[in-house]
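Worksheet: the structure to be examined is printed underneath.
Numbering (our numbering), first residue to last: 1052 to 1191.
Following this line, the structure appears as structure tokens:
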């Protein structure tokens, strides 16, 4: 009889532990999914993806309106190696649905051992919030 009670207590403890673990995991996942990725981090991720010619990541960070431009950006770096230097992006304007981001830093392109730099501060990225996610929609 004592053995049966001991097993019953073990099962109850295991069940309670499992319930608390599941509740904690659900709360953690909920907190992670509700956190917002900032507009400047989206642009930084886009530029980093561009430097390694990851067109899939670039398109994933783009609205349907910007997808073709993202592919052109990736294709334009096909025959060069590129790196990002001193990247620092800032949101200069935002509201609930739109944001404008500028970045300091350089995109350094190397072709035949010759470096050329593109000053990233020359561009402003315009983002839209689509399905609660910031996406690049235009660049000026």
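Backbone N, C-alpha and C fix where the C-beta goes; we use that ideal spot for every residue, glycine too. On a predicted model such as this, the values are computed, not experimentally measured, just so you know.
Short Cβ contact (9 Å threshold) for residue i with residue j
i	j	result
residue 1154	residue 1138	yes
residue 1151	residue 1175	yes
residue 1099	residue 1185	no
C-alpha gap between residue i and residue j, whole angstroms
i	j	result
residue 1171	residue 1158	7 Å
residue 1166	residue 1132	9 Å
residue 1115	residue 1141	24 Å
residue 1168	residue 1187	23 Å
residue 1181	residue 1173	26 Å
residue 1136	residue 1096	13 Å
residue 1121	residue 1164	26 Å
residue 1101	residue 1149	22 Å
residue 1192	residue 1094	In the structure displayed, the chain extends from 1052 to 1191; residue 1192 sits before or after that span and is not available.
residue 1183	residue 1110	17 Å
residue 1190	residue 1130	23 Å
residue 1143	residue 1134	24 Å
residue 1145	residue 1092	14 Å
residue 1156	residue 1117	22 Å
Identified DSSP bridge partners for residue i
i	result
residue 1157	1136, 1170
residue 1164	Note: residue 1164 sits in no beta bridge, so no partner.
residue 1186	1179
Can you find at least 3 beta carbon pairs, one from the region 1116 to 1128 and one from the region 1097 to 1108, that sit closer than 8 Å?
yes
Which runs of the beta strand (DSSP E), 3 residues or longer, sit entirely within the region 1103 to 1146?
1132 to 1145
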